[in-house]
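Novice: Take this structure first; my questions come after.
Residue numbers (my numbering): 612 to 954.
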């Protein structure tokens, strides 16, 4: 304890510029030890002793030593070799020692360009890492919602941020947007948000649409609402049509402008509307999010609630990354523009 006090006193005696240098050097040394990543690997190992084959999904695999700190495997069925990072956001990453600092800065909401400058990486790398991480969060969408579920849609204008081949005239500012101005041209995306009232569990899905249809709502909610649950929506006809074809779900509706049903105060959309407000506040600091990446940011918002106020936030991020075996594939689809909006 005395040594610790002496170190603190020495640190306080330094000029601020040297304090920063010392902190950066200590953090770099800590990262090189790979402490958090190793701890996360131990957690994953406890949940999943062996990683299944990413090619044939076989569990008949065996360990074949380590390479650059990663466990390698061989599949007895298809004879393919792979690593514990194969398919994850960490696959093919050259600078894993910087990820602890990267995740810390990302968690703080630090802009991509600032992170790049702080860590000595390119802006493109900083951008790619963010979306590799966010592609890992698909697994945290709840399997289903029960009891009382509020559902409503949130609308955003379609954003082609970063696209150099626009098929329309560029907008100088967001206020230039006009909803579905041209006939037959979709200019909005709808975020269908379903919130379980008691637990706060959430499901978000992005749908490219002028106006939601029963089929689109079905894509989002089918298999996600437990039998016997009460679904509360506004009087949008597509919700009525969806509920009619799902007779095991109780459906209650109210006029959107009323906010609370005049006859039954338990029928309202206050929870989901509050979530809509929080989502907008969360998205706003990013100064515009491309529509093809919007689902990633919605998953980020939902995941942040799980790790807020946790003393092991960064380790939880690493665990999430290592447990997601299809993140790299999702990320590659984005890069190839094969998937404009996920539904």
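We put the CB at the ideal spot given by N, CA and C, even for glycine.
Give the single residue among 707, 686, 692, 744 whose Cα lies nearest to the Cα of residue 935.
Specialist: Stepping through the chain shown from its first residue, residue 935 is reached at position 324. That would be 744, whose Cα lies nearest to the Cα of residue 935.
Novice: Quick check: the stretch 628-637 against the stretch 649-658, are there 3 or more CB pairs under 8 Å?
Specialist: The stretch 628-637 is not in contact with the stretch 649-658.
Novice: Can you tell me the Cα-Cα spacing of residue 741 and residue 873, whole angstroms?
Specialist: In the chain shown, the residue the question calls residue 741 occupies position 130. In the chain shown, the residue the question calls residue 873 occupies position 262. Spanning the two alpha carbons is a distance of roughly 45 Å.
Novice: Alpha helix (DSSP H) containing residue 673: first to last residue?
Specialist: Here the question's residue 673 lines up with position 62 in the chain shown. Premise fails: residue 673 lies in the beta strand (DSSP E), 672-678, not in any alpha helix (DSSP H).
Novice: Between residue 704 and residue 755, how many whole angstroms is the CB-CB distance? I'm expecting something under 8 Å.
Specialist: The residue given as residue 704 occupies position 93 in the chain shown. The residue given as residue 755 occupies position 144 in the chain shown. No, residue 704 and residue 755 are not in contact; Cβ-Cβ is about 34 Å, not under 8 Å.
Novice: List the endpoints of the continuous alpha helix (DSSP H) containing residue 980.
Specialist: Because the chain here runs from 612 to 954, residue 980 falls outside it and cannot be looked at.
Novice: Give the C-beta separation of residue 849 and residue 825 to the nearest angstrom, bearing in mind that I take them to be a contact with Cβ-Cβ under 8 Å.
Specialist: For this step, residue 849 is matched to residue 238 along the chain shown. For this step, residue 825 is matched to residue 214 along the chain shown. About 5 Å; that satisfies the 8 Å criterion.
Novice: Just to confirm, is the Cβ distance from residue 845 to residue 866 under 8 Å?
Specialist: As a position in the chain shown, residue 845 is number 234, starting the count at 1. As a position in the chain shown, residue 866 is number 255, starting the count at 1. Result yes, Cβ atoms of residue 845 and residue 866 sit closer than 8 Å.
Novice: Considering only residues of the same chain and omitting the five flanking positions on each side of residue 727, which have a CB-CB separation below 8 Å?
Specialist: Taking the first residue of the chain shown as position 1, residue 727 is located at position 116. Answer for residue 727: 733, 734, 736, 737, listed in chain order.
Novice: Assign residue 910 to one of two classes, buried (16 or more other C-beta atoms within 10 Å of its C-beta) or exposed (fewer than that).
Specialist: Against the chain shown, residue 910 aligns to sequence position 299. Residue 910 should be labelled buried.
Novice: For residue 925 and residue 828, I'd like the C-alpha separation in whole angstroms.
Specialist: Here residue 925 refers to the residue found at position 314 when the chain shown is read from its first residue. Here residue 828 refers to the residue found at position 217 when the chain shown is read from its first residue. In a straight line, the C-alpha of residue 925 is about 35 Å away from that of residue 828.
Novice: Skipping 5 residues on each side, what residues in its chain have a beta carbon closer than 6 Å to that of residue 928?
Specialist: Within the chain shown, the letter at position 317 stands for residue 928. 714, listed in sequence order.
Novice: Under the three-state reduction of DSSP, which class applies to residue 924: helix, strand or coil?
Specialist: Here the question's residue 924 lines up with position 313 in the chain shown. Looking at residue 924 - three-state DSSP - the assignment turns out to be helix.
Novice: From this set, 915, 932, 690, which residue's C-alpha is nearest residue 813's C-alpha?
Specialist: Translated into positions along the chain shown, residue 813 becomes position 202. Minimum Cα distance to residue 813 is reached at 915.
Novice: Restricting to Cα atoms, I'd like to know which of 679, 688, 820 is closest to residue 695.
Specialist: Within the chain shown, residue 695 is the residue found at index 84, counting from 1. Cα-wise, what sits closest to residue 695 is 679.
Novice: What did DSSP end up calling residue 856 once you bin it into helix, strand or coil?
Specialist: Against the chain shown, residue 856 aligns to sequence position 245. Three-state result, residue 856: coil.
Novice: Label residue 761 either buried or exposed according to how many other C-beta atoms from any shown protein chain fall within 10 Å of its C-beta, with 16 as the threshold for buried.
Specialist: As a working mapping, residue 761 is identified with position 150 in the chain shown. Classification for residue 761: buried.
Novice: Restricting to Cα atoms, I'd like to know which of 933, 687, 947 is closest to residue 699.
Specialist: Taking the chain shown and counting its residues from 1, the one referred to as residue 699 is at position 88. That would be 933, whose Cα lies nearest to the Cα of residue 699.
Novice: Considering only their Cβ atoms, is the gap separating residue 901 from residue 770 smaller than 8 Å?
Specialist: One-based indexing of the chain shown puts residue 770 at position 159. One-based indexing of the chain shown puts residue 901 at position 290. Yes.
Novice: Using a 10 Å radius around the Cβ and a threshold of 16 neighbouring Cβ atoms, would you call residue 880 buried or exposed?
Specialist: For the purposes of this step, residue 880 is taken as the residue at position 269 of the chain shown. Answer is buried; the Cβ neighbour count reaches 16.
Novice: What did DSSP end up calling residue 809 once you bin it into helix, strand or coil?
Specialist: In the chain shown, the residue the question calls residue 809 occupies position 198. Reduced to three states, the DSSP call for residue 809 is coil.
Novice: Distance, Cα to Cα, residue 955 vs residue 898?
Specialist: Residue 955 lies beyond the stretch modelled for the chain, which goes from 612 to 954, so this question has no answer here.
Novice: Contact defined as beta carbons within less than 8 Å: I believe residue 748 pairs with residue 887. What is the distance between those atoms, to the nearest angstrom?
Specialist: Counting from one through the chain shown, the residue named residue 748 turns up at place 137. Counting from one through the chain shown, the residue named residue 887 turns up at place 276. Contact flag wrong, Cβ pair sits at about 20 Å.
Novice: So what does DSSP say about residue 937, is it helix, strand or coil?
Specialist: The residue labelled residue 937 in the question sits at position 326 within the chain shown. Coil at residue 937, not helix or strand.
Novice: Roughly how many angstroms separate the alpha carbons of residue 634 and residue 725, rounded to a whole number?
Specialist: Here residue 634 is taken as the residue at index 23 of the chain shown, counted from 1. Here residue 725 is taken as the residue at index 114 of the chain shown, counted from 1. Using only the alpha carbons, I get a separation of about 18 Å.
Novice: If distances are taken between C-alpha atoms only, which option among 913, 617, 623, 758 comes closest to residue 861?
Specialist: Here residue 861 is taken as the residue at index 250 of the chain shown, counted from 1. Ranking 913, 617, 623, 758 by Cα distance to residue 861 puts 758 first.
Novice: Comparing C-alpha positions only, which one of 857, 718, 905, 729 sits nearest to residue 803?
Specialist: Against the chain shown, residue 803 aligns to sequence position 192. Of 857, 718, 905, 729, the residue nearest in Cα terms is 905.
Novice: Over the uninterrupted alpha helix (DSSP H) stretch that includes residue 973, give me the two end residues.
Specialist: Residue 973 lies beyond the stretch modelled for the chain, which goes from 612 to 954, so this question has no answer here.
Novice: Please check the pair residue 823 and residue 801, which I expect to be a contact at CB under 8 Å, by giving their CB distance rounded to whole angstroms.
Specialist: To locate residue 823, count along the chain shown from 1; it is residue 212. To locate residue 801, count along the chain shown from 1; it is residue 190. With 8 Å as the limit, residue 823 and residue 801 qualify as a contact, their Cβ atoms being about 6 Å apart.
Novice: If you count every other CB in all the chains shown that lies within 10 Å of the CB of residue 673, and 16 or more means buried, which is it?
Specialist: As a working note, residue 673 is residue 62 in the chain shown. Exposed.
Novice: Measure the alpha-carbon distance for residue 701 versus residue 840 and round it to whole angstroms.
Specialist: Taking the first residue of the chain shown as position 1, residue 701 is located at position 90. Taking the first residue of the chain shown as position 1, residue 840 is located at position 229. If you take the alpha carbons of residue 701 and residue 840, they lie about 39 Å apart.
Novice: Whose C-beta lies closer than 6 Å to the C-beta of residue 941 among residues of the same chain, with five residues either side of it excluded?
Specialist: The residue you call residue 941 lines up with position 330 of the chain shown. Closer than 6 Å at the Cβ level, and outside the excluded window around residue 941, lie 746.
Novice: Of all the options 810, 834, 637, which has the alpha carbon lying nearest to the alpha carbon of residue 856?
Specialist: By one-based count along the chain shown, residue 856 stands at place 245. That would be 834, whose Cα lies nearest to the Cα of residue 856.
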